[in-house]
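Enquirer:
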Amino acid sequence: MDRLTADADDPAVAFAQSFRMTGRLHRRHPELRRILLHYGLELAQSDRGPAPRAFHDIRAAVDAGRFEVEDLDLALAVTAGAALALDALLHAQPDRDDATSADLVVRGLLRQFGIPADEAERICSLDLPDLEVTDTLAR
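In my numbering, the protein residues as written are 207 to 345.
#1: Could you give the residue range of the alpha helix (DSSP H) that holds S331?
#2: Which residue comes first and which comes last in the alpha helix (DSSP H) that contains V275?
#3: Does P236 come out as helix, strand or coil in the three-state DSSP assignment?
#4: Quick check on L296: buried or exposed, where buried means 16 or more other Cβ atoms within 10 Å of its Cβ?
#5: A286 and A257 - do their beta-carbons sit closer together than 8 Å?
#6: Grouping DSSP H, G and I as helix and E and B as strand, with all else coil, what is A270?
#7: Quick check: the Cα distance between A283 and D301, rounded to an integer number of angstroms?
#8: To which residues of the same chain is P217 closer than 7 Å at the C-beta, ignoring the five residues directly before and after it?
#9: Taking the C-alpha atoms as reference points, what is the distance between D293 and F319?
Structure below.
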């Protein structure tokens, strides 16, 4: 994700892109989904996996004045909870569109972190890096 979001000048965009791509990986990589469903709560507190990346993005957005967050650890917990709940829902509803669902969830997170609705919509409509690259990196 670091490489895929390196061109994002706005840390709010980097956060959203990472979440949106992660949401799309659940269908593309069932083995990742199984790991997250089984170890998700542990990974949310780990210094490995997606949690440190999300924490970095949240902190960068707060430092840049893009997010209004009082407690970084709580913001990470909310983000991890949203990602894990999305994963469980996608698993339970195989016909649910993963891309639309991930975008809706991250739009809500952006709004919760102080981004106005119209801007959250704009951020979530930006093109993502090529998901074929994420397929290669996930292997």
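A virtual CB, placed ideally from N, CA and C, is assigned to each residue, including glycine.
Expert: Put simply:
#1: What you label residue 331 is simply residue 125 of the sequence shown in a count that begins at 1. Note, S331: premise wrong, no alpha helix (DSSP H); not H, not E.
#2: Taking the first residue of the sequence shown as 1, we reach residue 275 at position 69. V275 -> no alpha helix (DSSP H), and no H or E assigned at all.
#3: Looking up residue 236 in the sequence shown gives position 30. Of the three classes helix, strand and coil, the one that applies to P236 here is helix, per DSSP.
#4: By one-based count along the sequence shown, residue 296 stands at place 90. So L296 ends up on the buried side.
#5: Residue mapping note: residue 257 aligns to position 51 of the sequence shown, counting from 1. Residue mapping note: residue 286 aligns to position 80 of the sequence shown, counting from 1. Cβ atoms of A257 and A286: closer than 8 Å.
#6: Numbered from 1 along the sequence shown, position 64 holds the residue referred to as residue 270. Residue state, collapsed to three classes: coil.
#7: The sequence position of residue 283 within the sequence shown is 77, counting from 1. The sequence position of residue 301 within the sequence shown is 95, counting from 1. Answer to the nearest angstrom: the Cα atoms are 27 Å apart.
#8: On the sequence shown, residue 217 is found 11 positions in, with the first residue counted as 1. Counting only Cβ-Cβ distances below 7 Å, and skipping sequence neighbours, we find D263, A266, A267, A270 and R272.
#9: Taking the sequence shown and counting its residues from 1, the one referred to as residue 293 is at position 87. Taking the sequence shown and counting its residues from 1, the one referred to as residue 319 is at position 113. For D293 and F319, the distance between alpha carbons rounds to 21 Å.
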